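Inspection log for the structure reproduced underneath, given as structure tokens.
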Amino acid sequence: MSSGVTADLFFMQPPANGERAYTAINAQSPGKRDRNYSLEKKAIHIENYREKQDPITLDTAGFQLISDRPTQFIKDGEVQVEGYYEESIAAIKESTGASRVVLFDHTIRRRRLEETEDTPEKRQPVASTHVDQTPKSAATRVHRHLPPEDVPKLLSKRFQIINLWRPIQNPAIDWPLALCHFASVDPEKDVEPVTLKYPHMDGETYGIKYNERQKWGYFKDVRPDEFVLIKWFVPCLHDETSPTNILEC
1 MSSGVTADLF FMQPPANGER AYTAINAQSP GKRDRNYSLE KKAIHIENYR
51 EKQDPITLDT AGFQLISDRP TQFIKDGEVQ VEGYYEESIA AIKESTGASR
101 VVLFDHTIRR RRLEETEDTP EKRQPVASTH VDQTPKSAAT RVHRHLPPED
151 VPKLLSKRFQ IINLWRPIQN PAIDWPLALC HFASVDPEKD VEPVTLKYPH
201 MDGETYGIKY NERQKWGYFK DVRPDEFVLI KWFVPCLHDE TSPTNILEC
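Each residue of the sequence shown is one higher than the last, beginning at 1 in the working numbering.
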């Protein structure tokens with residue numbers, strides 16, 4: 001049996017008045033995001049996936065650790081975006097067999113206790129459990145980032161939204177990424193849509209409600225020459241065993 005740790009995760013509690021949940025991104029209040037729902041803290045056993053005997057893959061769990069993949073486009077914590085994007089596209093194609101990969105954005109998160117701004121350049125690790133994409137927001141992504149003439153065909157087929165997560169300077173010892181095995185998630189009971197209110201648009205994610213059947217884990221001490229692929233969204237056209245969304249913290 002693999003080892004692990006016990007850590008506090010924060011789970012969504014929907015608004016008591018029945019309102020649709022929302023959170024304001026880039027809020028004006030320093031260091032605080034305005035939201036209309038609360039978070040419940042739970043002490044959760046988080047398994048060390050590095051010690052799992054059964055393979056942890058994109059197809060079996062919804063995420064996968066890729067090792068021995070150093071990058072030449074990150075130096076002293078600074079990313080050469082154009083070169084790193086090209087390198088990442090090649091890595092995702094190789095790891096998934098995808099015929100086409102479109103990268104649409106990136107975020108660099110650093111834990112800084114003194115930081116109070118909430119902007120894309122100064123984001124911190126997210127302590128609440130969540131799914132980054134819903135069916136609605138995934139379709140919006142396709143419309144936003146791909147040529148209009150390509151959209152109908154792509155939406156009629158199987159596409160995926162995948163996150164490539166990598167430490168850029170040191171091993172991820174502090175604030176590692178916790179992931180939930182997709183087979184342990186009840187999609188009818190465990191997820192709740194949350195509107196993300198940006199200054200000029202609305203987005204959507206899922207907040208995660210606690211369920212004792214959920215199985216959480218992490219890859220211990222991920223190094224800068226490694227990365228984790230996480231399936232944010234996969235439409236289930238005919239395969240009900242496919243991981244549609246992966247929970248993360």
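Think of the CB as a built atom: it goes at the ideal place given N, C-alpha and C, for glycine as much as any other residue.
Computed from a predicted structure; not experimentally measured.
Can you find the residues in the same chain that come closer than 6 Å, C-beta to C-beta, to residue i, ignoring five residues on each side of it along the sequence?
i       : result
Asp-239 : For Asp-239, the predicted structure reports a pLDDT of 44, less than 50, and the residue's modelled location is therefore unreliable. A value from the coordinates is still provided. Nothing meets the Cβ criterion.
Ala-7   : Ile-46
Val-222 : Pro-167 and Ala-172
Suppose the cutoff is 7 Å on Cβ atoms and the five residues either side in sequence are ignored; what does the same chain contact list for residue i look like?
i       : result
Ser-3   : Asn-48 and Glu-51
Ser-184 : Arg-213, Gln-214 and Lys-215
Arg-276 : There is simply no residue 276 to check, as the chain begins at 1 and stops at 249 in what is shown.
Ala-138 : Ile-161 and Phe-233
Cutting at 8 Å between CB atoms, please list the residues of its own chain near residue i, excluding the five before and the five after it.
i       : result
Ile-66  : Ala-91, Ser-95, Glu-226, Phe-227, Val-228 and Leu-229
Pro-55  : none
Leu-154 : Val-142 and Leu-146
For residue i, tell me which candidate among the options has the shortest Cα-Cα distance.
i       : options                               : result
Phe-182 : Thr-195, Trp-216 and Gln-160          : Trp-216
Thr-129 : Pro-167, Arg-111, Leu-177 and Ala-172 : Leu-177
Ala-11  : Tyr-84, Gln-214 and His-200           : Note that residue 11 is Phe in the sequence shown here, rather than Ala. Closest by alpha carbon: Gln-214.
Thr-71  : Phe-63, Val-81 and Ala-16             : Val-81
Leu-39  : Arg-109, Gln-13, Gln-160 and Glu-192  : Gln-13
Ile-208 : Arg-123, Leu-146, Phe-219 and Glu-188 : Glu-188
Lys-220 : Asp-190, Trp-175, Thr-57 and Lys-93   : Trp-175
Gln-133 : Gly-203, Leu-9 and Leu-58             : Gly-203
Val-5   : Asn-17, Ile-161, Ala-21 and Ile-44    : Ile-44
Ile-168 : Ser-184, Ile-108 and Arg-123          : Ile-108
Leu-103 : Lys-231, Thr-57 and Ile-89            : Ile-89
Leu-9   : Gly-18, Ile-25, Lys-42 and Asp-34     : Lys-42
Pro-135 : Arg-158, Arg-111 and Ile-25           : Arg-158
Asp-150 : Ala-127, Arg-100 and Lys-197          : Arg-100
Ile-25  : Thr-195, Tyr-218 and Lys-231          : Thr-195
Tell me the rounded alpha-carbon separation between residue i and residue j.
i       : j       : result
Asp-76  : Ala-172 : 15 Å
Thr-23  : Pro-193 : 11 Å
His-106 : Pro-15  : 30 Å
Val-131 : His-200 : 22 Å
Cys-180 : Gly-83  : 31 Å
Pro-224 : Arg-20  : 39 Å
Tyr-37  : Leu-146 : 33 Å
Asp-68  : Gly-97  : 19 Å
Asn-170 : Leu-164 : 16 Å
Tyr-85  : Tyr-206 : 27 Å
Phe-73  : Glu-87  : 8 Å
Pro-125 : Gln-64  : 20 Å
Val-79  : Ser-156 : 35 Å
Tyr-210 : Asp-186 : 10 Å
I'd like to confirm the pairing. Which residues does DSSP put opposite residue i in its beta bridges?
i       : result
Asp-8   : Ala-43
Val-35  : The question names Val, yet the displayed sequence has Arg at residue 35. DSSP lists Thr-23 as partners of Arg-35.
Glu-86  : None; Glu-86 has no bridge partner.
Asn-78  : At residue 78 the sequence reads Glu, which differs from the Asn that was named. Looking at the DSSP assignment, Glu-78 forms a beta bridge with Lys-75.
Ile-162 : Lys-231
Gln-64  : Leu-229
Gln-13  : Ser-38
Asn-48  : Tyr-218
As an exercise, report each continuous alpha helix (DSSP H) stretch of at least 4 residues that is fully enclosed by the segment 186 to 243, in chain order.
none
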